[in-house]
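Participant: So the protein sequences, as listed, match chains A and B.
Start counting the first sequence at 1; every next residue gets the next number (the working numbering).
Start counting the second sequence at 161; every next residue gets the next number (the working numbering).
The beta-carbon is built from N, C-alpha and C at its ideal position, and this holds for glycine as well.
It should be emphasised that the depicted structure is a prediction, and the values quoted were computed from it without experimental measurement.
Below is the structure I would like to discuss, written out as structure tokens.
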Amino acid sequence: MARPGDGGALSGRTLLRVICTAGSGALEYTHAFITAYTADHLRGAVAQRLSVGAYELLANALNFGSVSSDIVIELIESDNMVGVRVANDAISARISMLNEHLLKLKTNAEQTFLEELRRSVTGGIPRPMLGLARVTHEAGLMLDLQVQERRVSVTAQCRR
Amino acid sequence: MSQFATVQAPKAETIAIQVTAPNQVKLSGTITQKDPANDLAGFFKALHTAAVADRLAEVRADVSGLTFVNSSAIRLFVDWATWVKNERGHRYTLRFVTSRNVTWQKTSFMALMSLAKEVLAIEHVP
Numbered sequence: 001m002a003r004p005g006d007g008g009a010l011s012g013r014t015l016l017r018v019i020c021t022a023g024s025g026a027l028e029y030t031h032a033f034i035t036a037y038t039a040d041h042l043r044g045a046v047a048q049r050l051s052v053g054a055y056e057l058l059a060n061a062l063n064f065g066s067v068s069s070d071i072v073i074e075l076i077e078s079d080n081m082v083g084v085r086v087a088n089d090a091i092s093a094r095i096s097m098l099n100e101h102l103l104k105l106k107t108n109a110e111q112t113f114l115e116e117l118r119r120s121v122t123g124g125i126p127r128p129m130l131g132l133a134r135v136t137h138e139a140g141l142m143l144d145l146q147v148q149e150r151r152v153s154v155t156a157q158c159r160r
Numbered sequence: 161m162s163q164f165a166t167v168q169a170p171k172a173e174t175i176a177i178q179v180t181a182p183n184q185v186k187l188s189g190t191i192t193q194k195d196p197a198n199d200l201a202g203f204f205k206a207l208h209t210a211a212v213a214d215r216l217a218e219v220r221a222d223v224s225g226l227t228f229v230n231s232s233a234i235r236l237f238v239d240w241a242t243w244v245k246n247e248r249g250h251r252y253t254l255r256f257v258t259s260r261n262v263t264w265q266k267t268s269f270m271a272l273m274s275l276a277k278e279v280l281a282i283e284h285v286p
């Protein structure tokens, strides 16, 4: 069972590193490239899970990150684990919100997924954050958050 | 004459859509654009309106070939289920045909069932 936030920092070999900036097509084309790469290099089920992780982490970075900073997306593998890491700059309010959301997911990923799905219908503030709930509940990836000043780095990882 | 069959499928880059009389719509490919509602929300709404006008007992939405969708696209399916649930005139069963091999379909439609089980049916294909 995935335990978001319990994953710990993933260190190992970087298989792929893409640097992108916010703009038309950044999400779709970067995701398509990473999906193709993972499908070619990893087991099918793992590739599918990481594809969800890559998309949603990148979408979050583009939606909530500072527009002036680069977004770095990496595919990393260690002996046992493989993961996708997205790093971007963000303002402190966004970082607090992310932290809070990850804590909720850590407590109960399934319940949070359902809540966010429900909020998709009713709307609300802050706006629904279904993406990270998908990463943990649907894709079963463990999330790790590292913050250094304004630089936020989120890793979604699983066993290889 | 079936209104359902005359609903025009939008042209989207990564997704193939086929509407078949009397009550089937099949979607395959991926939905990755940032705001898929631009292409699909109006289309789903038109299918819903036509299904009500045709007084269909069931609409079959075959999504088994949709290998990846983003969370904005999942919201569109939630919206569709909500329209049926809140329909005051003719209500039909919205049957999603899903694949067991595609992870997002297992979790999302199971969750969707818990939100609108009175109007939804889920069918699995291998």
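1) With 8 angstroms set as the bound, which would you pick, yes or no: does the beta-carbon of L143 (chain A) sit closer than that to a beta-carbon of chain B?
2) Any C-beta of chain A sitting closer than 8 angstroms to the C-beta of R248 (chain B)?
3) What does V52 (chain A) reach in chain B if we use C-beta pairs closer than 8 angstroms?
4) Assign D144 (chain A) to one of two classes, buried (16 or more other C-beta atoms within 10 Å of its C-beta) or exposed (fewer than that).
5) Please return the same chain residues whose Cβ sits closer than 7 angstroms to the Cβ of R151 (chain A), not counting the five positions on each side in sequence.
6) Would you identify the three-state DSSP class for K186 (chain B), choosing helix, strand or coil?
7) Quick one: grab the DSSP three-state call for Q178 (chain B).
8) Going by C-alpha distance, which of A:L62, A:S11 and A:T122 is nearest T30 (chain A)?
9) Quick one: is L105 (chain A) near chain B, going by C-beta distance under 8 angstroms?
10) Hey, would you say A172 (chain B) sits closer than 8 angstroms to D199 (chain B), going by beta carbons?
11) According to DSSP, simplified to helix, strand and coil, what is N63 (chain A)?
12) Check the C-beta distance from F203 (chain B) over to P170 (chain B) and give it rounded, since I have them as a contact under 8 angstroms.
13) Can you give me the Cβ contacts of A276 (chain B) inside the same chain, cut-off strictly under 6 angstroms, excluding the 5 residues immediately before and after it?
14) Determine the contact status of L141 (chain A) and C158 (chain A), defining contact as a CB-CB distance below 8 angstroms.
15) Would you mind stating whether G53 (chain A) and V147 (chain A) have Cβ atoms separated by less than 8 angstroms?
16) Please check if any C-beta of chain A sits within less than 8 angstroms of the C-beta of R255 (chain B).
17) Could you list which residues in chain B have their beta carbon closer than 9 angstroms to that of H137 (chain A), in chain order?
18) Are N230 (chain B) and Y55 (chain A) touching if we call contact CB-CB under 8 angstroms?
19) When you compare each of B:N261, B:F269 and B:A271 to V46 (chain A) by their alpha carbons, which one comes out closest?
20) Of the residues that make up the stretch 166–197 of chain B, which ones have a beta carbon closer than 9 angstroms to any beta carbon in chain C?
Facilitator: Let me lay it out:
1) Using a CB distance cut-off of 8 angstroms, L143 (chain A) does not count as an interface residue toward chain B.
2) Output row for R248 (chain B): interface = no.
3) Per Cβ cutoff of 8 angstroms: F228, T263 and W264.
4) With 16 or more Cβ atoms within 10 Å of its Cβ, D144 (chain A) is classed as buried.
5) For R151 (chain A), where only same-chain residues beyond five positions count, the Cβ hits under 7 angstroms are A87 and D89.
6) Taken through DSSP and simplified to helix, strand or coil, K186 (chain B) comes out as strand.
7) DSSP places Q178 (chain B) in strand when its eight states are reduced to three.
8) Closest by alpha carbon: A:L62.
9) So no, L105 (chain A) is outside the interface.
10) Closer than 8 angstroms, so yes.
11) Helix at N63 (chain A).
12) About 5 angstroms separates the two Cβ atoms, so the contact holds.
13) These residues qualify, in order along the chain: A241 and K245.
14) Result yes, Cβ atoms of L141 (chain A) and C158 (chain A) sit closer than 8 angstroms.
15) Contact: no.
16) Taking Cβ atoms only, chain A never reaches closer than 8 angstroms to R255 (chain B), which makes this a no.
17) Result: T267 and A271.
18) Taking 8 angstroms as the Cβ cut-off, N230 (chain B) and Y55 (chain A) qualify as a contacting pair.
19) Ranked by how close their Cα comes to the Cα of V46 (chain A), the residues B:N261, B:F269 and B:A271 have B:N261 in first place.
20) Included in the structure are the protein chains A and B, with no chain C among them.
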